[in-house]
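*Asks:* Take this structure, written in structure tokens, and hold onto it; I'll ask about it next.
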Amino acid sequence: MIGVIFGLRLGRWGVVGFSLAGLLLVFAQTAGFYQVAGTTPGARAAFGSAMATLAAQLVALFPPPLRPDTAGGYAEFRGFHPLAVLFAVWALASATGFARGDEERGVVEAALATGTSRIALIASRTVGFALAVTVASAAAAAGFLIGVASGHETAAVQGVVEEAALLAVIGVACYTLSLFVAQMAGPRLATAAAGTLLLALFLDNSLSRAMSSLTAWRWLSPFRYYDLSQPLPPGGHFDGRAFLVLIGISVIATAAAAAAFTRRDLGASLIRLPSIPHRPSYDVTAAPWWGVAVARGLYERRLGLLAWAAGMAVMALSFVALTKTIVQVLLSIPSLLPYLSIFVHQQLYPAVLGYTWFNVAELMFAAFAITYVARWSAEDSDGRLEIFLSQPLSRAGIVLERMAVLAAGAVLIAAVSGAVLFYASHQQGIDLNAQRLTAAT
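Position 7 of the sequence shown, counted from 1, bears residue number 1 in the numbering used here, the numbering being contiguous throughout.
Here is the structure:
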């Protein structure tokens, strides 16, 4: 119990921040529904049809909404589904922060010194995050209820509870999977490796909605079992078996993470990649880039930047291949042809590609920023910050340098993914305006 409370104390600001984010996001979407959907059944039916058309363009992100003409269906599509992705990023940062960040700060070693077993430590932190994400999910559910009350309507309590439970369990599943990967990878690769796994699982499920070749593999993704339930709108459904599968994934991944943790040394990875033999040296390096303010930060994180750039490039290729499928779905609806031709000014393919790709890219760059900030926060207590301050460097200078490193890394990743997007779209016969693509990137 003490370990659970201690874990909650360490992550208290994450609980507060993501709870507020869930509350405000869902409330804004629910209250906004009553402002834009109209009050008559005909107006809401037309609004629901328009939202279904929009959802067809976002099939690579979220499942098609159920009853988007209702507050529950709209809030689930625009509020809870994006929140599930946000909670997955939170789970990634929290799990790798515990597995590697707390090790570097000596927190794990101090906890083990009290007689706590490694298995108990893994279990307590997992339970702690489960409680944290449950609180945040309850806050999101409260935001929905407040939004519905503002529209002078009521909501089925059972559906709200099921939606909150579903949001919490997908967060726990992502946490345990990230925790397991963090035991396998080294300290500097843990976040990138866990993020790559979660991204691959997310894309495996989401892209399978448009690419039939992936349907045989989507059962591997926990997001698949999350999509099987849509309990919030009227007439919605809650798949109890899929919910139990998510719980089973969490239990199995926690057990695997605990087993891996018991078989590795602190600060080491379970899987050790072969390295070139070298003699340890304590002399000051002669490499010139360590003396350049921003270059040293980029060089230190070169492997992570390479992984992010490669991952975003693969995503760009996937979205280009997905665009034609989405457009074919839209064009198969004759009543939409006049509307689409006017809306995109006869450039349907670039419009759909830009709309889908940049929505996903924004989420990925938010995750990129979160992982970088989490890494820097760990440096405040592992001794690295003191080394920088002893150069001497001012605190303001360090903050500015970190911001510059983050911006430079984002520019590098955006440049690589943008170039891949432009080249792949050209190969698919989709003509993108290079200047507009550069500006948007």
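Backbone N, C-alpha and C fix where the C-beta goes; we use that ideal spot for every residue, glycine too.
1. Exposed or buried, what is Leu383 when buried is set at 16 or more other beta-carbons lying within 10 Å of its beta-carbon?
2. Under the three-state reduction of DSSP, which class applies to Gln177: helix, strand or coil?
3. In whole angstroms, what separates the C-alpha of Leu347 from that of Leu77?
4. May I ask you to list the residues that DSSP assigns as paired with His231?
5. Per DSSP, what kind of secondary structure is Met205 in: helix, strand or coil?
6. Nearest-angstrom Cα distance between Arg369 and Gly95?
7. Taking the straight line between their C-alpha atoms, what separation do you get for Ala130 and Gly423?
8. Please work out which residues of its chain come closer than 6 Å, Cβ to Cβ, to Ser207, disregarding the five sequence neighbours upstream and downstream, and give them in chain order.
9. Buried or exposed: which applies to Leu415, given that a residue is buried once 16 or more other Cβ atoms fall within 10 Å of its Cβ?
10. Buried or exposed for Ala401, please, with buried defined as at least 16 other CB atoms from any protein chain shown within 10 angstroms of its CB.
11. In chain order, what residues of the same chain lie with their CB nearer than 6 Å to the CB of Ser144, ignoring the 5 residues before and after it?
12. Using a Cβ-Cβ cut-off of 8 Å (strictly less than) and excluding sequence neighbours within five positions of Leu48, which residues of its own chain qualify?
13. For Ala398 and Arg290, what's the separation of their Cα atoms in angstroms?
14. Quick one: using the 10 Å Cβ neighbour count with 16 as the cut-off for buried, is Ala418 buried or exposed?
15. Over the uninterrupted alpha helix (DSSP H) stretch that includes Ser88, give me the two end residues.
16. Among Arg389, Arg218, Leu197, Ile265, which residue has its Cα nearest to the Cα of Met306?
17. Using a 10 Å radius around the Cβ and a threshold of 16 neighbouring Cβ atoms, would you call Arg296 buried or exposed?
18. Give me the Cα-Cα distance between Ile116 and Leu17, rounded to the nearest whole angstrom.
19. Between Gly100 and Gly1, what straight-line distance do the alpha-carbon atoms span, to the nearest angstrom?
20. Can you tell me which of Gln29, Leu55, Gly67, Gly36 puts its alpha carbon nearest to the alpha carbon of Met45?
21. Given this structure, state the Cα-to-Cα distance separating Leu342 from Ser88, to the nearest angstrom.
22. Considering only the alpha carbon of each residue, which of Val166, Pro227, Phe81, Gly(-3) lies closest to Val142?
23. Contact defined as beta carbons within less than 8 Å: I believe Gly153 pairs with Gly91. What is the distance between those atoms, to the nearest angstrom?
24. To the nearest angstrom, how far is it from the Cα of Tyr28 to the Cα of Ala158?
25. Would you mind giving the Cβ-Cβ distance between Leu195 and Leu222, rounded to the nearest angstrom? I have them listed as a contact below 8 Å.
26. Please confirm whether Gly73 and Val(-2) have their CB atoms less than 7 Å apart.
27. Would a C-beta distance cut-off of 7 Å place Leu193 and Leu86 closer than the cut-off?
28. Taking its Cβ as the centre, do 16 or more other Cβ atoms sit within 10 Å of Asn199, making it buried, or is it exposed?
29. Where Pro58 and Arg430 are concerned, what is the direct C-alpha to C-alpha distance, given to the nearest angstrom?
30. Leaving out five residues before and five after Ala310 in sequence, what residues of the same chain have Cβ atoms less than 6 Å from its Cβ?
31. Looking only at its own chain, which residues have a Cβ that is under 7 Å from the Cβ of Arg212, when we skip the five neighbours before and after it?
32. Which stretch, first to last residue, makes up the alpha helix (DSSP H) that contains Arg119?
33. By Cβ distance below 6 Å, which residues in the same chain neighbour Val121 in space, the five residues on each side in sequence not counted?
34. Where does Met358 land, buried or exposed, given buried means 16+ other C-beta within 10 angstroms?
35. List the whole-angstrom C-beta distance separating Arg470 from Gln177, where the pair is believed to meet the contact cut-off of C-beta under 8 Å.
*Replies:* Inspection of the coordinates gives the following:
1. exposed
2. helix
3. Answer to the nearest angstrom: the Cα atoms are 23 Å apart.
4. Beta-bridge pairing by DSSP links His231 to Gln224.
5. coil
6. Going by the C-alpha atoms only, they are around 8 Å apart.
7. 45 Å
8. Hits under 6 Å: none found.
9. buried
10. exposed
11. Ala25
12. none
13. 11 Å
14. buried
15. 75 to 90
16. Leu197
17. Arg296 comes out exposed.
18. 29 Å
19. 14 Å
20. Gly67
21. 40 Å
22. Pro227
23. Actually they do not touch by this definition, with Cβ atoms about 33 Å apart.
24. 22 Å
25. With 8 Å as the limit, Leu195 and Leu222 do not qualify as a contact, their Cβ atoms being about 15 Å apart.
26. No, Cβ-Cβ distance for Gly73 and Val(-2) is not below 7 Å.
27. no
28. buried
29. 30 Å
30. Closer than 6 Å at the Cβ level, and outside the excluded window around Ala310, lie Ser411, Val414, Leu415.
31. Asp198, Asn199, Ser202, Arg218
32. Its alpha helix (DSSP H) spans residues 112 to 144.
33. Val(-2)
34. It is buried - the Cβ of Met358 has at least 16 other Cβ atoms within 10 Å.
35. Absent from the structure is residue 470, since the part of the chain shown begins at -5 and ends at 435.
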